[in-house]
Amino acid sequence: MNRDRDDAPAAGGLARWPHTIRWRLLLAILPAVALGIMGIVLMQYLLARREMLDTVRTAVDESAKHAAANVDDLLRQRREDLFTLAESPLFADYYNNIDFQLWDEAETYRRELEKHLLRFSRRAEVYARILYVDPSGRPISVIERDHAGQAGPVPDIFQKVRRLPPGQWAVSGTEVLPDGASAVYYAKPIFDELGRFRGVFILGYDLAQIRHLLRNLVVGKTGRAWIRAADGELDGISARPAGSLVTSRQPIKELPWTLAVEAPLKEFLGPLQTIRNAAILAACLGFLVLVAILRWLVHSITRPVATLAEAARAIGRGDLSHRIAKVGGDELGGLSAAFNEMAGNLESNLRTNAELQGQLIQAEKLSAVGQLVSIVAHELNNPLGMMCNYSEMAMAQDCPPQIRADLATAHKHAKRCEKVVKNLLNFAHRSRLERGRTNLNEVARCALELLEYRLVKKAGVSLCADLAPELPDIIGDFQQLSQVLVNLINNACDAMEESPRKNIVLRTWRQGDRAHVSVTDTGCGIPEEVRGRIFQTFFTTKPVGRGTGLGLAICRQIAVAHGGSIDFTTKSGDGTTFELALPLPAAEELAATDAPPPQVLLAAVPGRRILVADDEPDQAAAIARTLREDGDEVDVATTGTEAVRLARERGYHLVISDFQMGTAKGSDVYQALKAKNPNPRIIFVTGDILNAEVLHFMEDTKAQFLTKPLVLPELQQAARRLLRQA
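Position 219 of the sequence shown, counted from 1, bears residue number 219 in our numbering, the numbering being contiguous throughout.
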C-alpha cells in the first residue's frame with residue numbers, strides 16, 4: 001500500500017516534468033553544467049595527457065641520453081685501457097730480448113706481462129679475453145676471463161689492425177665467444193721506437209656489462225633499452241615491447257651504434273578522473289608532508305655525505321689511518337664501510353710498497369757492487385799480467401839461483417792473485433746458461449776460495465770440505481753453480497752470527513744418477529712458520545738493509561735450469577742443511593762437451609811487420625819483446641790515436657791491439673785496417689770481458705781475441721797462426 005502511494009506522485013511528476021520551471025531550469029542548467037564539467041574534465045584530461053606525454057618523452061629522452069653517455073663512458077674506458085696497456089714497457093722488454101735471442105729473459109718478461117695483464121683483467125672484471133699476438137699471428141700472452149689461458153684462435157681483427165699505421169686502433173663487430181657471451185674486440189698495433197711492427201694488442205670486451213646496464217634501466221614497468229649496431233642488433237639486448245610506444249634514439253659516439261629507449265604508453269596514460277576533487281587539500285597535505293619528509297631526508301643524506309667528504313680530505317692530506325666511526329646499514333652506510341676498507345687497503349699497500357722499495361734499493365746496491373767488482377778485477381788484470389809475464393821472461397834468462405827462486409815465489413803469488421781475480425770475474429759474470437763439463441768439487445773449491453777471507457779470518461767460521469774423491473763430472477754452467485754455493489755459504493755464515501759454534505761442512509757425493517752437494521751450518525735453523533716461503537722472491541728473514549730476498553730464489557731458478565733440485569732440512573736452534581742435486585749425464589753427452597785436442601806448436605814466421613797497440617807501456621813492451629824473439633819487425637803504439645795513425649800509414653801483416661785505449665778504441669784500429677784490407681789480421685787483447693759492447697763487437701766482426709792477464713806463449717802461437725796466412 002505504501003508502495004502505491006509513493007509511485008503515484010512520481011509517475012505524475014514524470015508525466016508533467018517538461019512543463020515545470022524547475023525541470024526547465026534543470027534542463028537548461030544541467031546540460032550546460034554537465035557540458036561545462038565534461039569540457040573542463042576533458043580539457044584537464046587533454047592538458048594532463050599532453051603534459052604527461054611531454055614528461056614521458058622528456059624522461060625517455062633523458063634516460064636514453066644518460067644511458068648513451070654511460071655506454072660511451074664504458075666504451076671510452078675500454079679504448080683508454082687499450083692505449084694504456086699497449087704502452088706498457090713489458091712489450092718492449094719482451095721483443096727486445098727476442099731480438100737478441102735471450103730466450104730465458106724473454107720468457108721471464110712474457111710471464112711478467114702475463115701477470116700484469118692478469119692482474120688488470122681481475123681488477124677490471126669486464127674482459128673476456130686479453131691477447132698479445134706477435135707479427136706472425138702467434139699468441140704470446142692470453143688471458144681468459146680471470147686466469148691465464150691457452151693459445152686459442154686469434155680474432156679476425158688481427159689481420160685488419162696489423163696494416164694500421166702507428167697510433168691507430170680498431171674495433172670489431174659483435175662476436176660470439178666460445179662460452180656463448182657476446183663481445184667486441186679492441187685492437188691496436190704495437191711498434192717499437194724504430195717504427196717496426198711488433199704485434200697486436202687485443203682486448204675482448206664482454207658486452208655483459210652493457211647488457212646489465214641496459215636491463216637495469218627502468219622506464220615504466222615493461223620499458224626496454226636496446227642497441228642497434230652497424231651489423232645488426234646486439235645479441236641479448238635487443239628485445240622490444242609490443243604496442244604503442246614512446247621511443248627515443250641516441251647515437252653512440254665511440255662506435256657506430258644507436259641506443260633506443262622504448263616505453264609503452266598504456267603504462268602512463270591511465271584514468272585521469274580525479275583531477276579536481278580534493279586536489280587543493282591533497283596538494284596542501286602533500287606539501288606539508290613533503291616539507292617534513294624533505295627536511296628529514298636532506299638531513300639524513302647530507303650528514304653522512306659531509307662526514308665522507310671530511311674523511312676523504314683527511315686521506316688526501318696523508319692521514320691513511322683515518323676511519324669513519326659511524327657506519328649505518330643503508331646505502332650510505334655501505335659507502336662509508338667501503339671507504340674504510342679502501343683506506344685500510346691504501347695503508348696496507350703503502351707499507352708493502354715501502355718494504356718492496358727498500359728491497360729493490362738493496363738489490364740495486366748489490367748490482368752496483370757487482371759492477372764495481374768487475375771494474376776492479378779488470379784494472380788488476382793488467383798489472384798482474386805484466387808481473388807474470390816479466391817474471392817468466394826473467395826466469396828464462398840466465399840469473400843466479402836465489403834470484404830465480406825469488407822470481408818463482410813472486411810469480412806463484414801473482415798467479416794466486418790472478419786466480420782470485422778470475423774467480424771474482426766468474427762470479428760477477430751474468431750471462432745465459434753456458435753448459436760445459438763441470439766438476440762439483442771444482443765448483444766447491446772456487447766458492448771456498450772466494451769466501452775464505454770472510455769465513456775464516458773475519459767471521460771465525462770453521463770450514464770442513466768433505467769432497468768425494470771420484471765424483472763424476474756433470475754438464476752445467478760453472479759460474480752459475482758457483483753462485484749457488486756462494487749464496488748458500490753466505491746464508492749459512494749469517495745464520496751462525498749468534499751461535500757459539502760456527503761450523504760449516506761442505507760435502508759432495510754421488511747417489512744413483514745424481515751428483516749432490518750440501519752446505520750444513522750450526523746456526524739457529526729456520527722457523528717453522530716461514531719454511532714454506534724461503535724460496536719466494538723478495539722474502540727474507542734478514543734485517544732491513546742486509547737481505548734482498550733474491551738469493552734463494554735465484555738458487556732454485558739455477559737448479560731447475562740445470563734439471564736439478566734444491567731442498568733443505570732444518571731444526572729450530574739446531575742448524576740447517578741445504579742440498580743441491582744435479583743429474584749425471586750419459587758418457588756421450590760428456591764427450592760432446594770435451595774440448596778439441598791441443599794443437600801442434602807452430603814455428604816462428606820471421607821477417608813480418610807487426611803493430612802492438614796497448615795503453616799500458618809495460619804490457620806493450622812485453623808483447624813486443626816476445627814477438628821480436630821470432631825475428632819479426634815490431635812497432636809499438638801506446639795510445640789509440642797513434643795506433644790508428646800507424647795502421648793507416650803503414651802496411652802490417654798483423655796487429656795486436658788492446659780494446660780500450662782512451663781517445664781511440666780497438667774498434668777504431670780495426671776500421672782503419674779494414675779500409676785498406678777487407679779481411680784485416682788482428683788479435684784483440686782485453687780484460688773487459690763483461691762489457692756488452694766489447695762482446696757484441698767481437699761477435700759481429702768474428703775477430704780473434706785473448707783475455708787479460710795474457711799468457712805470452714798463447715799469444716805467440718796465435719800470432720804465428722795468423723802470420724802463416726799473410
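Glycine included, C-beta positions come from ideal geometry on N, C-alpha and C.
Here the structure is a predicted model, which is why all the values come from computation and not from measurement.
Exercise for the section: Tell whether a beta-carbon distance below 8 Å holds between A444 and L467. Expected result: yes
Handout entry: Element boundaries [beta strand (DSSP E), containing P189]
Key = S182 to F191
Handout entry: Burial state of V60 (16 or more Cβ within 10 Å)
Key = buried
Problem - C-alpha gap between K65 and A325, whole angstroms - result: 39 Å
Practice task
Work out the CA separation of Q150 and E112 for me, nearest whole Å.
Solution key: 16 Å
Problem - Bounding residues of the alpha helix (DSSP H) (the contiguous stretch that carries T641) - result: G640 to E649
Exercise for the section: Could you check the C-alpha separation between L723 and G607 for me, to the nearest Å? Expected result: 10 Å
Practice task
Would you decide whether W257 is buried or exposed? Buried here means 16 or more other CB atoms lie within 10 Å of its CB.
Solution key: buried
Exercise for the section: With distances taken Cα to Cα, identify the nearest neighbour of R317 among A337, A338 and A343. Expected result: A343
Handout entry: Under the three-state DSSP convention, the category V634 falls into
Key = strand
Practice task
Under 8 Å by Cβ, that's how I've got A675 and V644 pegged, so tell me the actual separation to the nearest angstrom.
Solution key: No, A675 and V644 are not in contact; Cβ-Cβ is about 10 Å, not under 8 Å.
Exercise for the section: Report yes or no: do three or more beta-carbon pairs, one from the segment 195 to 206 and one from the segment 245 to 261, lie closer than 8 Å? Expected result: no
Exercise for the section: Would you mind reading off the limits of the beta strand (DSSP E) that contains Y127? Expected result: Y127 to V133
Exercise for the section: Check E470 in the structure and name its three-state DSSP category. Expected result: coil
Handout entry: Same chain, Cβ closer than 6 Å to N503, five either side skipped, listed in chain order
Key = S462 and T522
Handout entry: CA-to-CA distance, Q77 to P271, given in whole angstroms
Key = Confidence at P271 is low in this model, with a pLDDT of 45, below 50, so the placement of that residue should be treated as unreliable; the coordinate-derived value is given next. The alpha-carbon atoms of P271 and Q77 are separated by roughly 45 Å.
Practice task
Return the CA-CA distance between A459 and L448, expressed in angstroms with no decimal places.
Solution key: 14 Å
Exercise for the section: Put G532 into one of helix, strand or coil per three-state DSSP. Expected result: helix
Handout entry: For I474 and L584, believed in contact at Cβ under 8 Å, the rounded distance
Key = 6 Å
Exercise for the section: Thinking C555 and L488 are a contact (beta carbons under 8 Å), I'd like their distance in whole angstroms, please. Expected result: 7 Å
Problem - Own chain, CB closer than 7 Å to G666, minus 5 neighbours either side, in chain order - result: S657, D658, F659 and F684
Practice task
Compare the Cα-Cα distances from Y390 to each of D618, V636, E699 and E649 and report the closest residue.
Solution key: D618
Practice task
Report the option in H653, Q536, L602 and A208 whose CA atom is closest to the CA atom of R609.
Solution key: H653
Handout entry: Whole-angstrom C-beta distance between D630 and V669, which should lie under 8 Å
Key = Actually they do not touch by this definition, with Cβ atoms about 22 Å apart.
Problem - Whole beta strand (DSSP E) elements within the segment 131 to 168, 3-residue minimum - result: 139 to 144
Practice task
Starting from the N-terminal side, write out each stretch of the alpha helix (DSSP H) that is 4 residues or longer and does not extend beyond the segment 466 to 511.
Solution key: 478 to 495
Exercise for the section: Please list, in chain order, all residues of the same chain as G314 whose beta carbon is under 8 Å from its beta carbon, the five residues on each side excluded. Expected result: First, the amino acid is wrong: residue 314 is Ala here, not Gly. Closer than 8 Å at Cβ, skipping near neighbours: H322.
Practice task
Return the Cβ separation of A225 and L259 in integer angstroms, given the expectation that the two are a contact with Cβ distance under 8 Å.
Solution key: 7 Å
Handout entry: Segment contact, 8 Å Cβ cut-off, at least three pairs: the segment 109 to 126 with the segment 175 to 190
Key = no
Exercise for the section: Provide the residue span of the alpha helix (DSSP H) that contains S667, from first to last. Expected result: G666 to K674
Problem - Residues of its chain near F478, where Cβ-Cβ distance is below 6 Å and the 5 sequence neighbours each way are ignored - result: T438
Handout entry: Rounded C-alpha distance that separates G640 from L646
Key = 10 Å
Practice task
Give the DSSP-derived three-state secondary structure of D206 in the structure shown.
Solution key: strand
Practice task
With distances taken Cα to Cα, identify the nearest neighbour of G564 among P527, G551, H147 and V484.
Solution key: V484
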